[in-house]
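J.:
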Amino acid sequence: MCDVFTISRVKSEKVVTYVTPQGKEARVTREVYLSSDVPCRLSACNNEACHKGYVLPPEIRDILIVDGHYALSFWEVLEATDIKGIVVTLSSLNYAQQQASSRAVYNRIRACLNDPAQHCVLFDNEFHEKCFRQALPSESSLNYTTRLNWIAAQWYRQHLKGKVNVILLTENESVALEAAKKSRTANDLDDSVLVMNLATYLQTYHPKLTTVWQLYESLSASLKSTTTASEPAPVTSLRDDVALMSLPQVPSAGDVFPAHLPDAALLAGIRSGQFLRGIIRVSRFRSATEAVVALTDASALKHQAEVKDTEFASRSEIAINGIQYRNRAIDGDVVVVRLLPRQQWSSFSTNLAEAEAGAVETLATSMGTQMAAVGALEAGPPSKASMPCGFVVGIMSRNWRDYVCTFVQDESRPAPESAGWVVVTPWDRKIPRIRMFTTRPTQLAKERFIVRIDRWDTNSNYPHGHFVQSLGPIGDLETETQTILVEHGLLHRPFTDAQLQELKSYASDRKWKVDPKEVANRRDLRPPSVSGNKKSEGTLVFSIDPPGCQDVDDALSVRWLPANAEGRRRIQLGVHIADVTYFVKAGGNLDAEARRRSTSVYLADRRYDMLPGLLSGDICSLWSGVDRYAMSAIWELDPDSLEVLDVWFGRTVIRSSYKMTYEAAQKIADLKDVGTEETPKPDCILRQLGGKKGVGELVPELANVPDKKLLSSLGELYTALSILARIASSIRARRLERGGLELESIEVSIQFANPETRTGSLQDIIPKEPLEMHSTVAELMIFANHWIARCCLDAFPECSCLRRHPAPRSEFFEELKRCASSKGFRMSVDSNRALAASLEACNDTNDPEVNKILRQLATRAMTNALYFSSGAEDLTRDQFGHYGLALNLYTHFTSPIRRYADIVVHRVLMAALKKSAQCVAVEATDGQVVASTAAAAAARTELYEHEELAAICRHMNERHWAAQQAQRASIELFQALFFRDRPADDACRFAEGVICQLRGTNGFSVIVPRYGIRGNVFLRQPDGRVAWATGSGTEKAGATITWLPADSCEILRTTFIPDAGNTTGGLLSCDQLEVVRSDANGGKQVYRIFDHVMVHITVSSSTAHGLSLRLDLHARVPITAADSRQPKDGTTTAAVDLKVRADEEMIESVRAVNSARKRKRVGDGGDSDAAVTAAKLAMEGEFATEDEIAQQNALIAELHSASSSYHRFRKILATSAGGAEDDVVIPDV
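Quick note on full-length UniProt numbering: the sequence shown kicks off at 1 and runs consecutively.
#1: Taking the beta carbon of I1057 as the centre, do at least 16 other beta carbons fall within 10 Å, making it buried, or is it exposed?
#2: Count the other C-beta atoms from every protein chain shown that fall within 10 angstroms of the C-beta of I1089, then say buried if there are 16 or more, exposed otherwise.
#3: Counting only runs of 3+ residues fully inside the stretch 271-343, write out the beta strand (DSSP E) ranges in chain order.
#4: May I have a chain-ordered list of the beta strand (DSSP E) segments no shorter than 3 residues that lie completely inside the stretch 693-780?
#5: Figure out for me which residue from A298, R597, D297 and G278 has the closest Cα to the Cα of A291.
#6: To the nearest angstrom, how far is it from the Cα of M781 to the Cα of E1050?
#7: Could you name the residues that DSSP lists as bridge partners for T1040?
#8: Between which two residues does the beta strand (DSSP E) containing H466 stretch?
#9: At the level of alpha carbons, what is the spacing between V908 and R440?
#10: If we call anything under 8 Å between Cβ atoms a contact, is E645 one with R569?
#11: Nearest-angstrom Cα distance between W648 and I544?
#12: Just reading off the alpha helix (DSSP H) that D979 is part of, what are its end residues?
#13: According to DSSP, what are the bridge partners of Y1087?
#14: Using a Cβ-Cβ distance under 8 Å, would A720 count as near chain C?
#15: Check for me: the beta strand (DSSP E) holding V653 runs from which residue to which?
#16: In terms of alpha-carbon separation, which member of A789, E811, R809 and A720 lies closest to V777?
#17: Would you grab the beta carbon distance between N888 and G739 for me? Rounded to a whole angstrom, and I think it's under 8 Å.
#18: Relative to the C-alpha of R284, which candidate in E798, L301 and E354 has its C-alpha closest?
#19: Need the endpoints of the beta strand (DSSP E) that L168 sits in, please.
#20: Going by other Cβ atoms of all chains shown within 10 Å of its Cβ, with 16 needed for buried, is R342 buried or exposed?
#21: Which same chain residues end up closer than 6 Å to R959 when comparing Cβ atoms and leaving out the 5 residues on each side of it in sequence?
#22: Alpha carbons only, please: which of V626, D1023, L573 and V451 is nearest the one belonging to V634?
#23: Let me confirm a value: L136 is counted as buried when at least 16 other C-beta atoms fall within 10 Å, else exposed. Which label applies?
#24: Tell me which same chain residues have a C-beta within less than 6 Å of the C-beta of C620, skipping the five on either side of it?
#25: Measure how close the beta-carbons of W155 and L168 come, nearest whole angstrom, since I'm counting them as under 8 Å.
#26: Compute the Euclidean distance between the alpha carbons of R999 and D1071, then round it to the nearest angstrom.
#27: Just curious, the alpha helix (DSSP H) that C50 is in, first and last residue?
#28: Once you ignore the five residues that flank T296 on each side, which residues in its own chain have a CB closer than 8 Å to its CB?
#29: Determine the DSSP secondary structure at T481, reduced to helix, strand or coil.
#30: Please check the pair V541 and S656, which I expect to be a contact at CB under 8 Å, by giving their CB distance rounded to whole angstroms.
#31: What residue range does the alpha helix (DSSP H) around W155 cover?
#32: In its own chain, which residues sit with a C-beta less than 8 Å from the C-beta of L686, not counting the 5 before and 5 after it?
#33: In this structure, what does DSSP give as the bridge partners for Y658?
#34: Whole angstroms are fine: how far does the CA of N957 sit from the CA of A104?
#35: Name the DSSP bridge partner or partners of V1093?
#36: How about R1110 and S1102: do their beta carbons lie closer than 8 Å?
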């Protein structure tokens, strides 16, 4: 007899009403299958089946069923972490999605549901057989949603048997009460569900949440002010509607802006090629007049008939001139545009805007694709050809965010004394002013606060928004720091109890120790005397980090292996990374928070860790002298060629012997005459390091070590550092040969009065000195990342997390090409190898800053590197590569303490190793097919599917970029604070800059290496006065700038032919600025790229935008003065003279050596007659051949390198003359 199969779900129907893109209402009937086992997701429930996924914790005694109206219009209030126990029904979620004008609200609710810190769960009531009901005839969507929510609330009360209080939050109380009357039975609990509106709930349960109440009031006022927008006119013919759009529409009577086209018309126009889609980017300093739309399809523009025969056919930007043509689009929105007729095209002004006087920024590692696109258009040379211009016809999606604003009172329009509407100014200059309601305008004028935009109506000059929360008083350091975090979407929140609960077992131990059972499953690299295991490998492991570093996530090892049977030895190289995934389990609360943060944020005076301090600063950190879990990559290298012969990946146990700083490692590696790397002389090492005291200060772990062990340890450490440097140099040379770029960036460190806590007054801004050991460690990390990427992709070609660096677009190099051509250099940018060769050739013997600045400009032209899923269908395998590093595959593996991407990669690597190990076991037995399938299934349990991984990668890219920009903004803030507290005539305010870009005909941009900043300098002030320099930067008393009236001189942009000595092809004409006097005195002054000028640094303050630096022209610096680098503050004139004299003496010494070498060469040629020899010397000169001249230049360049003995000799001279060396803080590489 056959068993009877029973269907456990009930079939029903649901009618869905929605609005089509044409503005029509449509009704769709959908089948719904109902079940009785939908989980309630509460810990208070005794049914284990209800505990699937995240569940509300047991301490919650009040749950809130949120109705559709509040989910749609007041969800921001419910996001407050003090409001816990929120249950979002599927009915409310669907209502918010269907009724909202965009997906912003739906996405916010979904984000809260995925965030355990919000204590919010989703209840699928429309799939529960006891909670679903069909809509009644003529029942509105809101009433239907309220009725379903009341039924769900009643079910919760009965299901949990009164263990928790159930509150239904609804504005539609009459509908809920009516539903209660109709469905009440004798079995229902009396007064089971509390029904109340949001205002009553806040007053009753959270009366002290002032910020939440202010947010509620602001949202209520904004909602009440909403006017019903007029319905779009019926679209009878999309083709005719699109054809009428060759010119912008005229706004309707009473409106300021024309209405946007409906979605159907936008999509039809995009498909036909008449409309173009892209992201709008507004000019920072001409926000009222200039914007650019960066097209999402880079090839779309060239197909436009108006563009085909122009120089812009290869570009992918359209200019939008004026707010009217922008049509209510805000920076970051995805817009649809149409080109204007060609006769209405225009070009951007390249002159400096008045607001750009305070546009001083730290030197960026890269501008980013869209920022570079805007910069290339705004800062290019004046062009006679107009660029493609267009206007916005519609908006596909709004990308509004939280904006920090300030209420700047207008004297002509007094602020309301009580509640009323005000217009506030965003901190970001690209965002228009926002109209919002406030109940406390007087207090608001003293604060910075967060505002969210709700809408921008056609009849309003300003978008409408609402107040969210106050950040604090204007000018307060904490307020300004929080402003930076909010503006970059990085607002910090502490770790929750639920997240920290996962670390409770580790926190309870006063001193964490490794688990013997776990150690048995790992490769043990500790000394046998430590591990108690004779099979332990006893590998010397050490870390190299900046001073004071607490989150040590990488360590190194290198050693000679015993000889094999053939008598040959190999070198073993190891990179050991903190095993964070052992402590942070996938799918846990802590993992979710780490994913949300994605990266640690490092500001000038603080950092916000991705992981709790217990992990990042303790049990995961690879400190010296303690046992730690690690993920290791270990290679065996050929001792001669240093090629990889074998590689091993896996989990290990290590004990780092030394926690060294970069300076300490560099000092040991630079030792001379201390033997070879294989047979060092420990006594010489000890002596050169200053004896036991010097060694103890340099390497604290060796402070109190017995003499015999000290000598042995020093020799072993010197050998390891020497081999590491040699290996890294070889790896780097091979990578550079393939086209790897050596780019330049100036990083600065803020020196505080209390450096350990980074508090107190600001003492100095110090450029971070690059060391060879920086590049050594960085190269080995790059090497490890590349090999890990190869391993992961081989095992899982569809779901590996990799990192790619796209090649920059050719127009991003325009500034670099213009700068190079001004010195007669030709810059080839066809490939990374061509760019690297060009940069290597661009050396000006008269000015070493030329090559550095060209490399900085090349860095600025780079696009952002991106995380991506290897299963992406829009990428081919040749697009996986890293342009800057010249590697075909790359990922991030070496910093899991501070980057979530590395945690993802660790999990992929472990899955790959499990898959490989199980497949090996399969090959040793029969049943290969079944076992291989099981192995693959087991390995994939630790992986993300492609769609989820792609979403994680997009989030990590956004957070990584935001963290970089926040760090830059923080440094710029502290730079402004440093100069603000200095007298106007303080020596530190005067610095030498190098012109890197000419801006129209009224100024130029300069790079100031001393402080690592780039800013703009006016030659013509906004009032028309023109700068005329008298004296020079070398004449302190006579170096002045006279501002002449506009009618006595003018500024011309002319061309010149650069020196032919630097170019191998035809000469290029380059621009220059000429200041020509037309008065009786006459005269002309010329400014070219790479000219040196002296600038005066001041601080400008804005109530709305905060502090910023301003650069004013102080003097011109002749090239002879530019050659002798500007001394640091406090260096005396005597010290400068000593340095100049040392330069001269060293060059004379080189000349003498070469002269002797020349005489020897001539003498060896067989001329015995001294007179003949002298004659040859006289005719040929001391440096007659090109080879000898090249050797001379190379030697002088080597003498000026940071690691040379001559460089250190100059430091000694400076110190002896009274100029003490500043302490240098080196960044984490």
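Backbone N, C-alpha and C define an ideal beta-carbon position, used for all residues, glycine too.
T.: On the basis of the supplied data:
#1: As a first step, residue 1057 must be located in the sequence shown, where it is residue number 1057. It counts as exposed.
#2: Mapped onto the sequence shown, residue 1089 falls at position 1089. Buried is the call here.
#3: Within the stretch 271-343, the beta strand (DSSP E) runs of at least 3 residues that lie entirely inside it are, in chain order, 276-282, 290-295, 317-321 and 334-339.
#4: With a minimum length of 3 residues, the continuous beta strand (DSSP E) runs that stay inside the stretch 693-780 are 748-754 and 759-767.
#5: As a first step, residue 291 must be located in the sequence shown, where it is residue number 291. Relative to the Cα of A291, the nearest Cα in the group A298, R597, D297 and G278 belongs to G278.
#6: For the purposes of this step, residue 781 is identified with residue 781 of the sequence shown, where counting begins at 1. For the purposes of this step, residue 1050 is identified with residue 1050 of the sequence shown, where counting begins at 1. Their Cα atoms are separated by approximately 54 Å.
#7: Taking the first residue of the sequence shown as position 1, residue 1040 is located at position 1040. Answer is T1030.
#8: Taking the first residue of the sequence shown as position 1, residue 466 is located at position 466. Where H466 is concerned, the enclosing beta strand (DSSP E) stretches over H464 to P473.
#9: Locating residue 908 in the sequence shown gives position 908, counting from the first residue. Locating residue 440 in the sequence shown gives position 440, counting from the first residue. In a straight line, the C-alpha of V908 is about 53 Å away from that of R440.
#10: One-based indexing of the sequence shown puts residue 645 at position 645. One-based indexing of the sequence shown puts residue 569 at position 569. According to the sequence displayed, residue 645 carries Leu and not Glu. When the beta-carbon positions are compared, L645 and R569 stay at least 8 Å from each other.
#11: What you label residue 648 is simply residue 648 of the sequence shown in a count that begins at 1. What you label residue 544 is simply residue 544 of the sequence shown in a count that begins at 1. Spanning the two alpha carbons is a distance of roughly 23 Å.
#12: For the purposes of this step, residue 979 is taken as the residue at position 979 of the sequence shown. It should be noted that the sequence gives Phe, not Asp, for residue 979. For F979, the enclosing alpha helix (DSSP H) starts and ends at H946 to R980.
#13: Taking the sequence shown and counting its residues from 1, the one referred to as residue 1087 is at position 1087. BP columns for Y1087 point to L1073.
#14: Although the question refers to chain C, the structure presented lacks it and comprises just one protein chain.
#15: Sequence index remark: in the sequence shown, residue 653 carries index 653 (1-based). Start and end: V644 to R655.
#16: In the sequence shown, the residue the question calls residue 777 occupies position 777. Ranking A789, E811, R809 and A720 by CA distance to the CA of V777 puts A720 first.
#17: Locating residue 888 in the sequence shown gives position 888, counting from the first residue. Locating residue 739 in the sequence shown gives position 739, counting from the first residue. Not a contact, Cβ separation roughly 11 Å.
#18: Counted from its first residue, the sequence shown places residue 284 at position 284. Looking at the Cα atoms, E354 is the closest of the given residues.
#19: Taking the sequence shown and counting its residues from 1, the one referred to as residue 168 is at position 168. Looking at the DSSP string, the run of the beta strand (DSSP E) that includes L168 is N165 to L169.
#20: Within the sequence shown, residue 342 is the residue found at index 342, counting from 1. Exposure of R342 is indicated by the presence of fewer than 16 other C-beta atoms within 10 angstroms of its C-beta.
#21: For this step, residue 959 is matched to residue 959 along the sequence shown. The beta carbon of R959 sits closer than 6 Å to the beta carbons of S598 and T599 from its chain, once the five residues preceding and following it are set aside; these are given in chain order.
#22: To locate residue 634, count along the sequence shown from 1; it is residue 634. Rather than Val, the amino acid found at residue 634 in this sequence is Ile. Cα-wise, what sits closest to I634 is L573.
#23: Stepping through the sequence shown from its first residue, residue 136 is reached at position 136. It counts as exposed.
#24: Locating residue 620 in the sequence shown gives position 620, counting from the first residue. Only A578, V580 and I897 meet the Cβ criterion.
#25: Start at 1 with the first residue of the sequence shown, and residue 155 comes out as number 155. Start at 1 with the first residue of the sequence shown, and residue 168 comes out as number 168. Not really, about 12 Å apart at Cβ, beyond 8 Å.
#26: As a working note, residue 999 is residue 999 in the sequence shown. As a working note, residue 1071 is residue 1071 in the sequence shown. Put simply, the backbone Cα of R999 is about 11 Å away from that of D1071.
#27: Indexing the sequence shown from 1 puts residue 50 at position 50. Annotation: C50 is outside any alpha helix (DSSP H) and is labelled neither H nor E by DSSP.
#28: The sequence position of residue 296 within the sequence shown is 296, counting from 1. Sequence-distant Cβ neighbours of T296 in its own chain, meaning closer than 8 Å and more than five residues away, are R277, G278, I279 and V334.
#29: Here residue 481 refers to the residue found at position 481 when the sequence shown is read from its first residue. It is helical.
#30: By one-based count along the sequence shown, residue 541 stands at place 541. By one-based count along the sequence shown, residue 656 stands at place 656. Between V541 and S656 a beta carbon distance of about 5 Å is seen, short of the 8 Å cut, so the two are scored as contacting.
#31: If you number the sequence shown from 1, residue 155 lands on position 155. Residues S141 to H159.
#32: Looking up residue 686 in the sequence shown gives position 686. These residues qualify, in order along the chain: K692, V695, L710, L711 and L714.
#33: Indexing the sequence shown from 1 puts residue 658 at position 658. F542, per the DSSP bridge assignment.
#34: Translated into the one-based positions of the sequence shown, residue 104 becomes position 104. Translated into the one-based positions of the sequence shown, residue 957 becomes position 957. About 20 Å.
#35: Here the question's residue 1093 lines up with position 1093 in the sequence shown. Note: V1093 sits in a beta bridge opposite G993 and R1116.
#36: Counting from one through the sequence shown, the residue named residue 1110 turns up at place 1110. Counting from one through the sequence shown, the residue named residue 1102 turns up at place 1102. Taking 8 Å as the cut-off, the beta carbon of R1110 is found no closer than this to the beta carbon of S1102.
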